[in-house]
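S.K.: For what it's worth, the working numbering labels the leading residue of the sequence shown as 295, then goes sequentially. The beta-carbon is built from N, C-alpha and C at its ideal position, and this holds for glycine as well. The structure presented is a predicted model; accordingly, all values stated were derived computationally and were not measured.
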Amino acid sequence: MCGIVGYVGPERAEPILVEGLSRLEYRGYDSAGIATLDGTKSYVRRAAGKLAQLRARLQAEPCPGSVGIGHTRWATHGRPSEGNAHPHTSNGVTVVHNGIIENHRELRDELRRDGRLFTSETDTEIFAHLIAVARAQGADLLQAIRAATSCVRGAYALAVIDEATPGAIGFAKLASPLVVGLGEGESFLASDVPAVLSHTRRFIFLEDGDVGVVRAEGAQLFDGKTGRSVERAHRTITWSAVMAEKGGHKHFMHKEIHEQPRAITDTLRGRILLDDGKVALDGIDEAQLKGVERVLITACGTSWHAALVGKYLVEKLAHVSCDVELASELRYREPVVTAGTLVVAISQSGETADTLAALKECRRLGACVLCICNVVDAAIPRACEGSVGTLYTRAGPEIGVASTKAFTTQLVALHLLAIGLGQARGALTTTTARSEMEALARLPLEMERCLAHEADTVKLAQQHMGARDMLYLGRGHTFPIALEGALKLKEISYIHAEGYAAGEMKHGPIALIDEHMPVIVLALRGPGYEKVLSNLEEVRARGGRVIAVGTEDDAELSQHAEAVLRIPAAHPHTTPALAVIPLQLFAYHVADLRGTDVDQPRNLAKSVTVE
Ligand code: AGP
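(1) On a CA-only basis, which of Ser316, Glu832, Trp598, Asp434 is nearest glutamine 704? Give me that one, please.
(2) So the beta strand (DSSP E) methionine 764 belongs to, where does it begin and stop?
(3) What residues in its chain sit with their C-beta under 6 Å from that of alanine 462, if we drop five residues either side in the sequence?
(4) Classify serine 316 as helix, strand or coil using the three-state DSSP reduction.
(5) Regarding alanine 696 and the ligand AGP, is the C-beta to nearest heavy atom distance less than 7 Å?
(6) Any chance the CB of threonine 592 is under 7 Å from a heavy atom of the ligand AGP?
(7) Straight-line CA distance for glutamate 539 to glutamate 824?
(8) I need the straight-line Cα distance from leucine 411 to alanine 451, nearest angstrom please.
(9) What's the gap between the Cα of arginine 743 and the Cα of glutamate 553?
(10) Roughly how many angstroms separate the alpha carbons of glycine 372 and proline 774, rounded to a whole number?
(11) For the structure I just gave you, are there three or more beta carbon pairs, one from the segment 470-481 and one from the segment 372-384, closer than 8 Å?
(12) Does at least one heavy atom of the ligand AGP sit under 7 Å from the Cβ of threonine 649?
(13) Going by beta-carbon coordinates alone, are isoleucine 789 and isoleucine 814 separated by less than 8 Å?
(14) Hey, would you say leucine 827 sits closer than 8 Å to alanine 817, going by beta carbons?
(15) I need the boundaries of the beta strand (DSSP E) containing isoleucine 425, first residue and last residue.
(16) Select from Gly571, Gly541, Pro870 the residue whose C-alpha is nearest the C-alpha of threonine 702.
(17) Using DSSP with H/G/I as helix, E/B as strand and the rest coil, what is tyrosine 323?
(18) How many angstroms separate the CA atom of alanine 913 from the CA atom of leucine 877?
(19) Kindly give me the distance between the Cβ atoms of histidine 545 and glycine 694, rounded to whole angstroms, as I take these residues to be in contact under 8 Å.
(20) Relative to the alpha-carbon of arginine 657, which residue among Ala677, Asp671, Val670, Cys667 has its alpha-carbon at the smallest distance?
(21) So, are the CB atoms of glycine 448 and arginine 563 less than 8 Å apart?
(22) Can you tell which of Ile310, Ile298, Ser360, Ala426 has the C-alpha that lies nearest to the C-alpha of threonine 366?
(23) For the ligand AGP, I want to know if glutamine 878 counts as a neighbour, meaning its beta carbon is within less than 7 Å of at least one of the ligand's heavy atoms.
(24) Between methionine 759 and alanine 899, what straight-line distance do the alpha-carbon atoms span, to the nearest angstrom?
(25) For alanine 369, does the three-state DSSP call read helix, strand or coil?
(26) Does the segment 846-856 come within contact of the segment 720-732, defined as at least 3 CB pairs closer than 8 Å?
(27) Would you kindly work out how many angstroms separate the C-alpha atoms of proline 304 and arginine 339, rounded to a whole number?
(28) Any contact of the segment 344-360 with the segment 386-402, i.e. 3+ C-beta pairs under 8 Å?
(29) Measuring from the CB of threonine 890, is there a heavy atom of the ligand AGP at a distance below 7 Å?
(30) Quick check: the Cα distance between leucine 708 and alanine 600, rounded to an integer number of angstroms?
(31) The beta strand (DSSP E) with phenylalanine 465 in it runs from where to where?
(32) Please classify arginine 896 as buried or exposed, where buried requires at least 16 neighbouring CB atoms within 10 angstroms.
(33) Would you be able to state if there are at least three C-beta pairs under 8 Å between the segment 414-432 and the segment 379-389?
(34) Going along the chain, which residues of its own chain have a beta-carbon closer than 6 Å to the beta-carbon of leucine 352, five neighbours each way excluded?
(35) Between which two residues does the alpha helix (DSSP H) holding leucine 710 run?
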């Protein structure tokens, strides 16, 4: 999730662009750059690392001109480096881009065959070349942007300056956010409102398929496909700067819970090939999956819960034995691994010390290694280089300490891996693979439906915010979701909570049940449903208060529980990613009502880089 800022007006662009980028710093990034246009000459400055590096660069070599675009990069294609930092240039055309281009390899090959030289590993550079080619063929800037966007598949928020089009910034938007800021005799472009909120409060929120040009006097908008002019409402934003950073949400955690449908769409982008009945696991050496005899997944915390769901998926779809082990345990007991063992490390940050050490130890002992990670080129992906590789989750920066969108994107990445492994091992038919992929493709919309039930979780949070302890029960592939629900509640609300396998109740925890300990039961129609209902009745028989998580079509469930949180009925393999949403929302609202520091809970850190 990169940040974009653009300026055109009477002022020098450079300081406005750098200030705009500094307003996006809270989101985290790995490199930054700007490009300006002074008359018909463009200037580009880029630097890896923090904005201070770019500032130092600009002090030595300032950029003149009153038109410009800037970018902070969160790497998705190609490692974080100055060469991969935006802007990217081709024949006087300079671009910054946020999003993912799915067919960038094919386009790159075609452009190379036509003699275009690439200087970065990014998918973005495609845009600079495609627009430059169209310009050379006589298209104006707007036509060239339309020609380029008609060739690409994927998501983009794009800003372009062109030496042959002074005084203007071209743009295009599809599935990545982009706004136009309207000032007095000056205009702005931004991926996020906070980038330019100190200059204007009047915005046009662009819609998918919009293309156009901003000049000092305002913006012209067109439909990218038809080329017809379009009108968009002007909105005045009253958010404070702090609210704007959170996109109008009270906390980053709440924003990130609501970002999940979009994050999942990005995780899936270009990876499910329904026509071929195959998954495309970019970053993974798929040939190595063929020889896998055993899978061992390792992780910590929430990522470990994702691993537990992964075990179900891998064993079911790839028919290969799969163990899951906490990284802090695995690293200290000489594990038995062989060249046929695929060790999968899962980490949002890619820096967790225990996960990194466990992975390195397994690699040293001869296992082949792969990781699922959200941060490009972090220590854990680097430790997988030269082995099977890395499957990136593409959730975008996660700022709340409590992991939400990273978790559900990990579930999706594991599902893709299980399908790929099943196909590589010949254990999965194309028909089954296709039905798994179709289930994944439905997930973003199903998640939207879960989020639409948020009011129920608020009501429940009001009733239970005073609880001292809570129990979460699940079975089969929802047992890890019970663990995750309990972890979410304890880490942000400081209420003691335990996740348990529902079948284990009678072996001890049932002694705890009374009216003071609410029990959340994951009672989803599908495998194990009847058994969960029996466990639920065991709780009720002891005077326990039951809150069930059930499917929208299960009217009967209300007779078995004091309250029911609803999710849509879905494929059993994608149900965990849906069932966790009401639990994330419940934990969030309980914590908010109790007034805790939701985004930075006490004693916790986002990356645990020490033992
Ligand atoms: C979850 O909400 C926590 N922030 C924590 O358990 C986290 O998942 C764990 O520390 C692992 O982090 P990683 O995914 O970055 O490796």
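M.R.: This is what the structure holds:
(1) Trp598
(2) 763-768
(3) Cβ neighbours of alanine 462 beyond the five flanking positions: Val507, Arg509.
(4) helix
(5) Yes.
(6) no
(7) Their Cα atoms are separated by approximately 45 Å.
(8) Computed Cα separation, rounded: 23 Å.
(9) As the crow flies, the alpha-carbon of arginine 743 is around 13 Å from that of glutamate 553.
(10) Here the alpha carbons of proline 774 and glycine 372 stand approximately 33 Å from one another.
(11) no
(12) yes
(13) no
(14) Between leucine 827 and alanine 817, the gap from beta carbon to beta carbon is short of 8 Å.
(15) Unbroken run through isoleucine 425 is the alpha helix (DSSP H), 419-430; no beta strand (DSSP E).
(16) Pro870
(17) coil
(18) This structure cannot settle anything about residue 913, because the visible part of the chain is limited to 295 through 905.
(19) 7 Å
(20) Ala677
(21) Yes, they are a contact pair.
(22) Considering only alpha carbons, the answer is Ile298.
(23) At a cut-off of 7 Å, the beta-carbon of glutamine 878 does not count as near the ligand AGP: no heavy atom of the ligand is closer than that.
(24) 24 Å
(25) coil
(26) no
(27) 21 Å
(28) no
(29) Every heavy atom of the ligand AGP is 7 Å or more from the Cβ of threonine 890, so no.
(30) 8 Å
(31) 463-468
(32) exposed
(33) yes
(34) Arg339
(35) 699-718
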